[in-house]
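Note sheet for the following structure.
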Amino acid sequence: MCSKNHSMLLCVMIGDGVQITGMAVVTIVLAAFGFMSPASRGMLLTGMILSYLFLGTIAGYAGVRLWITIKGTSDGWRSVAWSVACFFPGICFVILTVLNFILWGSESISAIPISLYFILLSLWFCISVPLTLLGGFLGTQAEPIWYPIRTSEIPREIPVCKYPSWLLVLGAGTLSFGTIFIELFFILSSIWLGRFYYVFGFLLVVFFLLLIVCAEVSVVLTYMHLCAEDWQWWWKAFYASGSVALYVFLCSINYLVFDLKGLNGPASAILYLGYSLIMAIAIMISTGTIGFLTSLYFVQYLYPSVEIDSKCIFAKSHGLVPLFAWTAPVMDLSIHYSVTNESRNWRRSEIHWPNKLSKKEEDY
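Read in order, the letters of the sequence shown are residues 1 to 364 in the working numbering.
This is the structure:
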């Protein structure tokens with residue numbers, strides 16, 4: 001799942017996801033405590049942009065450190081850091097440019113001025129990019145994320161799954177969407193119908209509930225894939241929690257059809273869909289990052305603490321690769337590992353053998 005062809009994209013999206021999530025937390029917390037008010041025009045948007053710019057260091061650090069963990073070397077970290085700095089802002093820039101051309105063609109006064117474009121580009125190039133590169137450099141100095149058990153470069157064949165993975169991913173998104181769909185309606189109404197939104201304390205609670213549900217859903221699906229001997233859990237954990245963005249975008253379309261009937265012409269509808277698409281992409285990257293990091297933490301601490309077969313391996317750059325579907329129930333073998341921070345060398349500390357071996361176990 002985390003093959004060499006897609007590992008850089010995963011690292012870039014994780015880095016951007018950490019940055020977007022941090023921006024959302026900072027903005028909502030400041031608004032909940034009254035430091036930013038929607039009554040002051042543009043204050044929330046300005047706070048979001050500034051917090052996003054200054055969180056570039058964390059994004060570069062997270063993306064590059066994951067890259068070094070997957071590849072085992074720091075080669076190419078500059079490309080990863082540059083991609084982290086340009087990926088999500090580049091998507092937003094392209095969408096906003098297309099929307100602006102449409103607004104200019106319809107002679108609308110809502111078009112973004114050219115001067116504002118240059119200001120945003122200057123802020124991005126002078127603040128976000130250097131901070132992201134600095135974070136990437138700090139990521140090269142940090143220890144890679146350690147693997148709990150032995151590694152292998154040879155991927156194992158995955159058995160045929162009874163149910164398609166995309167079906168589980170789509171089903172996982174409904175659980176996360178159920179925590180926010182009511183609040184999403186009020187947010188859309190405040191943005192497009194000119195209503196003020198003041199309940200940021202409740203929004204903060206809903207946001208943390210969303211993160212918790214996304215983490216739990218990804219952990220459950222990751223465990224299901226590991227039980228099915230599917231070691232390709234990296235992207236599936238990301239999509240399991242990130243699929244909530246699909247339902248957010250569909251909900252936005254539903255709101256456009258049934259609640260925004262007074263829009264003037266197709267240009268307004270395209271403008272609405274463009275901004276909704278940016279919001280959905282940001283939600284996908286953010287929630288997907290939460291799900292992936294939680295699953296990575298879960299897998300990292302699952303294998304050393306559970307009873308597993310001694311031939312279970314952790315495939316570097318590919319995830320967990322159980323060599324057999326059955327584990328301890330056959331041999332009643334409990335294996336625990338301990339590690340020192342200096343050497344990172346694992347050793348077997350406890351082995352509990354059964355008192356009496358069966359014929360099958362003796363042959364083994």
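Even for Gly, the Cβ is constructed at its ideal location relative to N, Cα and C.
Every value quoted in this text rests on a predicted model; they were computed, and no experiment measured them.
Review point. Assuming L210 and S176 make a contact with CB atoms under 8 Å, what is their CB distance in whole Å?
Key: Position 210 of the sequence shown, counted from the start, is the residue given in the question as residue 210. Position 176 of the sequence shown, counted from the start, is the residue given in the question as residue 176. For a cut-off of 8 Å, the C-beta gap from L210 to S176 is around 6 Å, short enough to register as a contact.
Check your understanding: Which of helix, strand or coil does DSSP assign to L221?
Key -> Residue numbering aside, residue 221 sits at position 221 when the sequence shown is read from its first letter. Helix.
Check your understanding: DSSP state of E183, grouped into three classes?
Key -> Numbered from its first residue, the sequence shown carries residue 183 at position 183. Helix.
Review point. How many angstroms separate the CA atom of E107 from the CA atom of L193?
Key: In the sequence shown, residue 107 corresponds to position 107, counting from 1. In the sequence shown, residue 193 corresponds to position 193, counting from 1. E107 and L193 have their alpha carbons spaced roughly 22 Å apart.
Point to revise | For E229 and L30, the rounded distance between their alpha carbons | key: Within the sequence shown, residue 30 is the residue found at index 30, counting from 1. Within the sequence shown, residue 229 is the residue found at index 229, counting from 1. The straight-line gap from Cα to Cα measures roughly 45 Å.
Check your understanding: Leaving out the 5 sequence neighbours to the left and right, which residues in its chain are closer than 7 Å to V84 when beta-carbon positions are compared?
Key -> Numbered from 1 along the sequence shown, position 84 holds the residue referred to as residue 84. Leaving aside the five residues that flank V84 on each side, the residues in its chain whose CB is nearer than 7 Å to its CB run, in chain order, V12, G15, D16, A59, G60, G63 and T132.
Review point. When the Cα of I290 is compared with those of S79, S243 and L120, which residue comes out closest?
Key: For this step, residue 290 is matched to residue 290 along the sequence shown. Looking at the Cα atoms, S243 is the closest of the given residues.
Check your understanding: How many angstroms separate the CA atom of P322 from the CA atom of C161?
Key -> Locating residue 322 in the sequence shown gives position 322, where the first residue counts as 1. Locating residue 161 in the sequence shown gives position 161, where the first residue counts as 1. With a pLDDT of 38 at P322, under the threshold of 50, the predicted position of this residue should be treated as unreliable, and no value is reported.
Practice item. Would you identify the three-state DSSP class for I154, choosing helix, strand or coil? Key: The residue labelled residue 154 in the question sits at position 154 within the sequence shown. If DSSP states are grouped into helix, strand and coil, I154 belongs with coil.
Review point. What are the boundary residues of the alpha helix (DSSP H) that includes M284?
Key: As a position in the sequence shown, residue 284 is number 284, starting the count at 1. Unbroken alpha helix (DSSP H) run through M284: G265 to L302.
Practice item. Tell me, please, whether the segment 93–113 touches the segment 64–81 by the rule of three or more beta-carbon pairs shorter than 8 Å. Key: The answer is no - the segment 64–81 does not touch the segment 93–113, with fewer than three Cβ pairs under 8 Å.
**Study point:** Contacts around L377, its chain only, beta-carbon distance under 7 Å, and the 5 residues preceding and following it disregarded
**Key:** Here the chain comprises residues numbered 1 to 364, so residue 377 is not present and cannot be evaluated.
Review point. Mapping DSSP to helix, strand and coil, what is P113?
Key: As a working mapping, residue 113 is identified with position 113 in the sequence shown. If DSSP states are grouped into helix, strand and coil, P113 belongs with coil.
Practice item. Run the CB neighbour count on R65, radius 10 Å, all protein chains shown included, and call it buried at 16 or more, exposed below. Key: On the sequence shown, position 65 is the one that residue 65 refers to. Buried: at least 16 other Cβ atoms inside 10 Å.
**Study point:** Chain-order list of residues whose beta-carbon lies under 6 Å from that of L138 (same chain, five-residue window excluded)
**Key:** One-based indexing of the sequence shown puts residue 138 at position 138. Taken in chain order, the residues that qualify are Y61.
**Study point:** Given L170 as reference, the closest of W233, F200 and A245 once Cα atoms are compared
**Key:** As a position in the sequence shown, residue 170 is number 170, starting the count at 1. With distances taken between CA atoms, L170 lies nearest to A245 out of W233, F200 and A245.
Point to revise | Residues near I68 by beta carbon distance below 6 Å, same chain, minus five either side | key: Start at 1 with the first residue of the sequence shown, and residue 68 comes out as number 68. Within the same chain, I68 has close Cβ partners S74 and P144.
Review point. Cβ of F292 within 8 Å of Cβ of W231?
Key: Position 292 of the sequence shown, counted from the first residue, corresponds to residue 292. Position 231 of the sequence shown, counted from the first residue, corresponds to residue 231. No, the Cβ-Cβ distance between F292 and W231 is not below 8 Å.
**Study point:** Span of the alpha helix (DSSP H), counted from its first residue to its last, around T174
**Key:** Locating residue 174 in the sequence shown gives position 174, counting from the first residue. Per DSSP, T174 belongs to the alpha helix (DSSP H) from S165 to F177.
Check your understanding: What residue range is occupied by the uninterrupted alpha helix (DSSP H) comprising Q19?
Key -> For this step, residue 19 is matched to residue 19 along the sequence shown. Under the DSSP assignment, Q19 falls in the alpha helix (DSSP H) whose first and last residues are S7 to A32.
Exercise for review: Would you kindly check if the distance between the Cβ of A24 and the Cβ of G201 is under 8 Å?
Suggested key: One-based indexing of the sequence shown puts residue 201 at position 201. One-based indexing of the sequence shown puts residue 24 at position 24. Contact: no.
Point to revise | Buried or exposed by the 16-neighbour rule on C-beta atoms within 10 Å, applied to Q19 | key: Within the sequence shown, residue 19 is the residue found at index 19, counting from 1. When all chains shown are included, Q19 counts as buried.
Check your understanding: When you compare only the Cα positions, how much space is there between V330 and L296?
Key -> As a first step, residue 330 is located in the sequence shown; it is residue number 330 there, counting from the start. As a first step, residue 296 is located in the sequence shown; it is residue number 296 there, counting from the start. Reliability fails at V330, whose pLDDT of 30 lies under 50, so the model's placement of it is uncertain and the value that follows must be treated cautiously. The alpha-carbon atoms of V330 and L296 are separated by roughly 28 Å.
Review point. Taking the alpha helix (DSSP H) that M48 falls in, what are its first and last residues?
Key: Walking along the sequence shown from the start, residue 48 turns up at place 48. Boundaries of the alpha helix (DSSP H) harbouring M48: M43 to F54, taken from the DSSP string.
Point to revise | Beta-carbon proximity of A280 to F249, cut-off 8 Å | key: Against the sequence shown, residue 280 aligns to sequence position 280. Against the sequence shown, residue 249 aligns to sequence position 249. In contact: A280 and F249 (Cβ atoms closer than 8 Å).
Practice item. Please say whether S286 and T21 have beta carbons closer to each other than 8 Å? Key: For the purposes of this step, residue 21 is identified with residue 21 of the sequence shown, where counting begins at 1. For the purposes of this step, residue 286 is identified with residue 286 of the sequence shown, where counting begins at 1. Their beta carbons are under 8 Å apart, which means T21 touches S286 by this criterion.
Practice item. Count the other CB atoms, across all protein chains shown, that sit within 10 Å of the CB of H225; report buried if there are 16 or more and exposed otherwise. Key: Here residue 225 refers to the residue found at position 225 when the sequence shown is read from its first residue. H225 is buried by the Cβ-count criterion.
Review point. Terminal residues of the continuous alpha helix (DSSP H) containing P130?
Key: For the purposes of this step, residue 130 is taken as the residue at position 130 of the sequence shown. Going by DSSP, P130 is part of the alpha helix (DSSP H) stretching over V129 to Q141.
Exercise for review: Leaving out five residues on either side along the sequence, give the residues of the same chain with a beta carbon under 6 Å from the beta carbon of F88.
Suggested key: On the sequence shown, position 88 is the one that residue 88 refers to. For F88, the CB contacts under 6 Å within the same chain, skipping 5 residues up- and downstream, are D16 in chain order.
Point to revise | Own chain partners of C214 with C-beta closer than 6 Å, once the 5 adjacent residues on each side are dropped | key: On the sequence shown, residue 214 is found 214 positions in, with the first residue counted as 1. Excluding positions up to five away in sequence, the list reads S176, S241, T287, I290 and G291.
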